[in-house]
Structures are given as C-alpha cells and as structure tokens.
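Here is the structure we will look at, set down as structure tokens.
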Amino acid sequence: MASRGEAVVWGGKQQKKKKGIAVGRNRKILGDIGNLVNRPITRSFSAQILAKVQAAAKNNKKQASVKVKPKAEEVIDIEAGPDKEVQKNKNKESRASTSVLTARSNAACDITNKPREQIIDIDASDSDNELAAVEYIDDICKFYKLVENENHPHDYIDSQPEIDQRSRAILVNWLIDVHTNLDLSLETIYLTINIIDRFLAVKTVPRLEMQLVGISAMLMASKYEEIWTLEVDELVRLTDYTHEQVLVMEKTILNKLEWNLTVPTTFVFLVRFIKASVPDQELENMAHFLSELGMMHYATLKYFPSMVAASAVFAARCTLNKAPLWTETLKLHTGYSQGQLMDCARLLVSFHSMAGNGEEKVVYIKYSDPEKGAVAMLPPAKNLMPEGSDSQ
Amino acid sequence: MLTLREKYYDFDQISSKVFKCRRDDQFFTMKIVSILNEENQANNGVPYWIIREISILKELDHINIVRLIDVMTDGPDLFLVFEYLDNEFQADFLKNPKMFMYPQMKKEFLYQILNTVAYLHARKILLRDLRPENILVNVRTQVLKIALFGAARTFEAPLEAYSSSVGCLSYRSPEVLFQFGCEKYSTPNDVWAVGCIFGEMLLHRPLFSGPSDVELLDEIFTLLGTPTEETWPGVTSICGTCALMGPPQQPKDLAKEFPMLNPDGLDLLSKMLCLCPNYRISAEDAVKHPYFKGV
Chain G
1 MASRGEAVVW GGKQQKKKKG IAVGRNRKIL GDIGNLVNRP ITRSFSAQIL
51 AKVQAAAKNN KKQASVKVKP KAEEVIDIEA GPDKEVQKNK NKESRASTSV
101 LTARSNAACD ITNKPREQII DIDASDSDNE LAAVEYIDDI CKFYKLVENE
151 NHPHDYIDSQ PEIDQRSRAI LVNWLIDVHT NLDLSLETIY LTINIIDRFL
201 AVKTVPRLEM QLVGISAMLM ASKYEEIWTL EVDELVRLTD YTHEQVLVME
251 KTILNKLEWN LTVPTTFVFL VRFIKASVPD QELENMAHFL SELGMMHYAT
301 LKYFPSMVAA SAVFAARCTL NKAPLWTETL KLHTGYSQGQ LMDCARLLVS
351 FHSMAGNGEE KVVYIKYSDP EKGAVAMLPP AKNLMPEGSD SQ
Chain L
1 MLTLREKYYD FDQISSKVFK CRRDDQFFTM KIVSILNEEN QANNGVPYWI
51 IREISILKEL DHINIVRLID VMTDGPDLFL VFEYLDNEFQ ADFLKNPKMF
101 MYPQMKKEFL YQILNTVAYL HARKILLRDL RPENILVNVR TQVLKIALFG
151 AARTFEAPLE AYSSSVGCLS YRSPEVLFQF GCEKYSTPND VWAVGCIFGE
201 MLLHRPLFSG PSDVELLDEI FTLLGTPTEE TWPGVTSICG TCALMGPPQQ
251 PKDLAKEFPM LNPDGLDLLS KMLCLCPNYR ISAEDAVKHP YFKGV
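Residue numbers (full-length UniProt numbering), protein chains in the order written: chain G, 1 to 392; chain L, 1 to 295.
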C-alpha cells in the first residue's frame, strides 16, 4: 500500500496521492472513502500483498547496491487497476470523512499540491565517460563533506599582531593575479589560499613575510595539483625574497600543517554543485566569480567550503533570476536547503556589490572580461541585498 | 619540538635508506628520503612526488595500505616513519613461491588489492603505479599491504590531463599507452593494472612484457583483439593513427589461455582487461563480483 504522499501508479501512469487521497483518476462513486475496501483481504490475497512487498523490498535492496540515482519519490506499482487498491481501515485512518470530502472537492476544483519537482540524474550524460569518475563522485563528495571541518582554519586574525583582514585581502588579490598570469589551474589557487589560512591559524607571521608565505604556499599547491609544477625562480622573480627563503618557508609550512594537503577546498564542491545546477555558461561563470570573491574576503572563512560553494551557486541563480532559485536536485547534492544558505549567499552578494569599488579588483577585472561573460558587471542579486542599498 | 633522536631510538639498518627503530614499546620502519636532486641541489624545494605521497598517505587508514605514522625533516633529508612490517612480509609478492600453493590464496589477495583500489578511488586517489614490486604479503596471516605511493595523485572529476609517463610499462593500460605525452586518464587505469596482476598470478609470468609502448600494445591486441569503433567508441580518434594498432587481430579465447579459471574468474578477468576504459569494470563493482563469493 502506498503511504501518504507517495505516488501510486495506475495502469503505468503516475498519479499523485494527496494525503491518502488518490487524485486525478476515475473512480467508482464513493470508491475512495476511507473505510471502503474494494476487495476482502482473504488469506490468499494477503499472501499476494506480502509477496509483492517482499519483492519490492528485495528489489530496493538490489537497487541500493547498484547505486541507482535517488528519485524524487519512490513509485510503487501495486496493481494496474483502481479497484485493486487496498484502503487503510477507517479506524487506522486519521482523517475524518468530512476532510476527505473537502479534499475531494479541492481536487475537483484543481486546488491540489503541485507534483514534487523531479530530481535530475546529473551524471546520466557521463555514464559512458570514464573521466567523469561517475561511480565514485558521490562517495568522494560525501567523504569530503564529512572531513571538511578537520582542515578548516579557525578564526585567527585576532591572534596575528601584524596582520589584519585588509592585508590578507591584498595578498589574495595579488596571488589571484599571479595565478591568472601563470595560467595555473583553479584547484591550485584554492589550495594556495587554504594553505595560507591554515598556516596563519597556527603560526604568527610578521607583515613583511606575508608575501613569502603566499608564494611558498603557491609553490606547494602547484606541486600538488599541476602537471608542470612552478619553479621557485618564477615566483622569486616577482618578489624581493631569495630562493633560499622560499625553500625554508616551504618546509616550515609543510611541517606546521603536518604535510596535510589532501583537503577539500571550496573548488571541489563548487564543480559538483555547478553541475547539479544544470548550468549554462553564464551561471557557471557567475558561480565561479562569487566563489572567488568569497576567497578574497576573510569573513567567508566562518563558513565551511561546501556551504560557500553551495551559496555561490544559489547567489548566482538569484543574480541571474533562475527559476526556481533552488531545486530539489541542488538540495540533494549540496545537502543544504535554501534557508540554510541565505546568510552566506547574502555575504557573497555584498562582495559583488562592492567588487568594482575597492583597490582589490583582480577578481572583478577577471570576470569583467567578455571571455568570462562579463558577469562581474551584471547587477548583484536584488533579493539578497540589504534593504535600500545601491548596487555598485 | 622533539628532534629525531629524541623521538626515536634503537636504530637498526635494514637497507641503505631504511631503518628499523623504536619509540616506547613500538617498532617502526623509517625511510630516509633526500630532497636533493642528482646534482645535490634542492633547486625547487621538496620534490612534487614527495609532497603528494606524504599528504596522500597521511589521510589514509586502511589495513591493506602501509601506514605513514610521522614525517620529520632534518636538513636536506626527510624521515618518513611507517608502521613496522616484520620479516614475514615479503616485497614483490608474486616472487613468493608460497603464493602459488593454494588457489584460494590468490583469490584472497586479489580481493584485498581490489578492495584497496576501491577505497582509494572513493577518496579521489589514483594509484597509477600499481605493480607486484609495490605489494607486500604475509602468507601466514594472508594480509597484503600496498606500499610506495610515489606515482599516486588525487583527481577531480571530471578529470584533468595528467602525465602519461607514469607507472611500470607492463601494467599500463591501453588508453595510457595510446596517449603519448600528457593526456587524460582515470580510475580504469588502476583496474587494468590489477587485471594484469591477476593474469600474472595465474600464469606465473607477466601478462604483457613488451619493451616499448608499441610492442606492448601489440601484445595486448594479440591477446584481447584489436579494438574497433564498436568495441571502443572513439578509439580511432584517441590513437590518432591506426598504424599504431597494427593489422586487425581477433581476440583469443581466454578460457584456453587461462584453463585454471572457472567461468566467474574468466568473466572478472575479461571485465578488468576490457580494452575500452568506459566499459571496464570499476574496482567497486569488481569486489562485488561472484568470483569472490566465499572470500
């Protein structure tokens, strides 16, 4: 028996059951009233039902092991025909017949709940592409979500006598510029900033050494992520530090972080969540823009990487007026509801509204390029802006 | 912070760069790795493969992976402290004659290898250099350990281009052999290597041993047949020139090549040695294969 709110299939056609009431199909007069059973439950009939339930359970087990993509709701085919539905007994049915009839009249007037939104299998198109690592991608994301708090830097600015949020923003701005000019992968810049923040959370650094920490972190991140790693000389050329200073700092950072570089950054989640958004190029660019703005600002550190990534996608959808703003598919893959993302999304949108004004404009300039769809120049999401504030 | 000598003691040399040492009442294996290059210079700091190996190993906790306990630095040297494996653990496990005494033992070890590969893939780690030399076994306890993660790296999905000059030639997959230079490859590459090890367990010799990429491909196609657009969609665009593939060859009957294998074993082997990486079985599915019933 399909429980409340589940879909029931009649003759292969999916119908919606609203609170125990079958909607949108022909029925005998009063054929659906709660206490009416269309067929007596004889021993043989109850055995049939039991067999079906067991078969369904067995089938579900089999499906689970094959990792079938979750669907919006389970569809249970009881038997093809309205007369064969077994109704719950009246005393087990909490609804009074009056409310049943009220619901009926609502249904007749088409005042019913909309069918729940379908969850999209975002990996269907990649099932034949081994590079997409489809079998493992959900496991990877679950694992990363599980461990993201282990390597998340705590609030450290107050324990750094010579460093403030502004000096961090200046450093990140410069590093993003270097990263763009050296044509490094996005993984590398996200890991670079992660290394810097984790290091600053455990070691007091003089202001004059901030840039040294930055280039040493980028060197390490490139060794971890790139095929062709950066040469120390490429980075030394951009600064006043010596070759030796960079090598010493690299070792210092590695030891302080106990060599833990296999960490989930916002980028890991962002790629997955963008895919779950079934994006066009503009949405993808906008999500990356907002995420990189988040990376620039210390305030974003209070949120876990998965939340920043999900908020960047949500804020991007709001900015581009996508409907719906948050989908069941996104909720499933991110693990966050729209409400949970509001604070972080508002923060990212506030960064967007100020992006063209300050001195740290590298991300804004990067995403003002027509190649990136000039998404930085679009007005920030109105519905996530504080009341009465002007955009840009 | 404690120095190396304060933390560990009772050093006992096992080989030129490997020591047995003690801390409290526990034994460890210490591996010394120099960060200097051939010219005795550390021009670019800590080599990329050491950074990858250590940071990956630090995250792993699996019975079939040699555990990294600690990392210490001293000048140009790194000291990697691993769990201690006693003398019963033999490296290069296929050279161990006891390995071949019981068919069930081979199945048990194959299962452990696949289980480990599935664990790594689920943590976005490609092994890339899986070969018998990197596998240690204790025949008495029937425990297997995979060591040496120099060629391992993490991946993002969808996968980026990674270096194809990686891994021992005999265990390289056709997709890697086809792609000279830097190209994309993924988790099926590791499964192919396990398939080669499976074949080697059965035949007591390397399944493929061509000295060059082209000769190795020829050996692979001699056994498994030349791929076509039907069996491997897009293969002609991957290999660029069909001259690489030589004259078309029909696949051999694996049942005749591996008479010692039951139908389940043949099915698993053929799925692991499927030429098309898209159709190759995943490690996760391989551990659930009926061949391992009862393991």
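Virtual Cβ for every residue (Gly too), placed ideally from N, Cα, C.
Computed from a predicted structure; not experimentally measured.
Hey, does residue i have any beta-carbon neighbour from chain G nearer than 8 Å?
i, result
"Tyr8 (chain L)", "no"
"Thr73 (chain L)", "yes"
"Phe149 (chain L)", "Residue confidence is low: Phe149 (chain L) scores 46 on pLDDT, short of 50, so the model does not pin down where it sits. Its coordinate-derived value is still stated next. Not one chain G Cβ lies under 8 Å of Phe149 (chain L)."
"residue 302 (chain L)", "Nothing can be reported for residue 302 (chain L), as the shown portion of chain L is limited to 1 through 295."
"Ala122 (chain L)", "yes"
"Val287 (chain L)", "no"
"Lys58 (chain L)", "yes"
"Arg52 (chain L)", "yes"
"Gly45 (chain L)", "yes"
"Tyr171 (chain L)", "no"
"Tyr291 (chain L)", "no"
"Ala161 (chain L)", "Because the pLDDT of Ala161 (chain L) is 48, which lies under 50, any placement of that residue in the model is unreliable, and the question is left without a value."
"Ser55 (chain L)", "yes"
Measuring alpha carbon to alpha carbon, tell me which residue in the options is nearest residue i.
i, options, result
"Ala276 (chain G)", "G:Ile227, G:Thr319, G:Trp326, G:Asn285", "G:Trp326"
"Glu244 (chain G)", "G:Tyr144, G:Val271, G:Leu257, G:Ile215", "G:Ile215"
"Leu4 (chain L)", "L:Ile54, L:Ser15, L:Ile14, L:Lys31", "L:Lys31"
"Leu275 (chain L)", "L:Leu224, L:Val295, L:Gly265", "L:Leu224"
"Val287 (chain L)", "L:Gln112, L:Ser186, L:Thr231, L:Asn134", "L:Gln112"
"Gln238 (chain G)", "G:Lys256, G:Lys223, G:Glu250, G:Met218", "First, the amino acid is wrong: residue 238 (chain G) is Leu here, not Gln. Comparing Cα-Cα distances from Leu238 (chain G) to each of G:Lys256, G:Lys223, G:Glu250, G:Met218, the minimum goes to G:Met218."
"Phe258 (chain L)", "L:Lys58, L:Glu230, L:Leu202, L:Thr226", "L:Leu202"
"Leu70 (chain L)", "L:Asp86, L:Val81, L:Asn64", "First, the amino acid is wrong: residue 70 (chain L) is Asp here, not Leu. Measuring from the Cα of Asp70 (chain L), the nearest candidate turns out to be L:Val81."
"Phe278 (chain L)", "L:Met260, L:Asn138, L:Pro263, L:Trp232", "Residue identity differs from the one stated: residue 278 (chain L) is Asn in this sequence, not Phe. Checked all of L:Met260, L:Asn138, L:Pro263, L:Trp232; the closest Cα to Asn278 (chain L) is L:Trp232."
"Asn149 (chain G)", "G:Leu182, G:Glu250, G:Phe304, G:Pro161", "G:Phe304"
"Asp343 (chain G)", "G:Val205, G:Gln160, G:Leu301", "G:Leu301"
"Leu270 (chain G)", "G:Thr252, G:Lys256, G:Trp259, G:Met295", "G:Met295"
"Val33 (chain L)", "L:Lys58, L:Gln13, L:Asp74", "L:Asp74"
"Phe178 (chain L)", "L:Ser186, L:Gln142, L:Leu217", "L:Leu217"
"Asn285 (chain G)", "G:Ala299, G:Ala315, G:Ser306, G:Asn260", "G:Ala315"
"Leu230 (chain G)", "G:Ala299, G:Ile253, G:Thr188", "G:Thr188"
"Met307 (chain G)", "G:Tyr224, G:Leu341, G:Asp139, G:Asn194", "G:Leu341"
On the DSSP bridge list, what partners appear for residue i?
i, result
"Asp74 (chain L)", "L:Asp77"
"Thr29 (chain L)", "L:Lys20, L:Phe82"
"Asp12 (chain L)", "L:Lys20"
"Phe89 (chain L)", "L:Asn138"
"Val278 (chain G)", "Paired residue(s): none; Val278 (chain G) is not in a bridge."
"Ser34 (chain L)", "L:Asp77"
"Ile193 (chain G)", "Beta-bridge pairing links Ile193 (chain G) to no other residue."
Would you kindly check if the distance between the Cβ of residue j and the Cβ of residue i is under 8 Å?
i, j, result
"Pro47 (chain L)", "Ile56 (chain L)", "no"
"Val263 (chain G)", "Val246 (chain G)", "no"
"Leu136 (chain L)", "Phe93 (chain L)", "yes"
"Gln249 (chain L)", "Phe221 (chain L)", "yes"
"Ala376 (chain G)", "Cys318 (chain G)", "no"
"Leu293 (chain G)", "Val363 (chain G)", "yes"
"Pro290 (chain L)", "Asp264 (chain L)", "yes"
"Phe28 (chain L)", "Glu88 (chain L)", "no"
"Val117 (chain L)", "Leu110 (chain L)", "no"
"Val205 (chain G)", "Ile163 (chain G)", "yes"
"Leu320 (chain G)", "Glu359 (chain G)", "no"
"Phe267 (chain G)", "Tyr156 (chain G)", "no"
"Ile14 (chain L)", "Lys20 (chain L)", "yes"
Taking Cβ positions only, does residue i come closer than 8 Å to chain L?
i, result
"Thr229 (chain G)", "yes"
"Glu209 (chain G)", "no"
"Lys256 (chain G)", "no"
"Lys251 (chain G)", "yes"
"Trp326 (chain G)", "no"
"Thr300 (chain G)", "no"
"Asp343 (chain G)", "no"
"Asp139 (chain G)", "yes"
"Trp174 (chain G)", "no"
"Phe314 (chain G)", "no"
"Lys203 (chain G)", "no"
With 8 Å as the threshold, decide whether the Cβ of residue i is near any Cβ in chain A.
i, result
"Asp197 (chain G)", "Although the question refers to chain A, the structure presented lacks it and instead comprises the protein chains G and L."
| task | Check whether the stretch 330-345 of chain G touches the stretch 301-314 of chain G, taking contact to mean three or more Cβ pairs, one atom from each stretch, closer than 8 Å. | result | yes
| message | With three or more beta-carbon pairs closer than 8 Å as the criterion, would you say the stretch 340-353 of chain G touches the stretch 138-156 of chain G? | response | no
| Are the stretch 283-293 of chain G and the stretch 368-387 of chain G touching, with three or more C-beta to C-beta distances below 8 Å? | yes
| query | Any chance the stretch 163-180 of chain G sits against the stretch 203-213 of chain G, with 3 or more Cβ pairs inside 8 Å? | reply | Enough Cβ pairs lie closer than 8 Å, so yes.
| query | Are the stretch 261-273 of chain L and the stretch 188-204 of chain L in contact at 8 Å, needing three or more beta carbon pairs? | reply | In short, these stretches touch, since the Cβ pair count reaches three.
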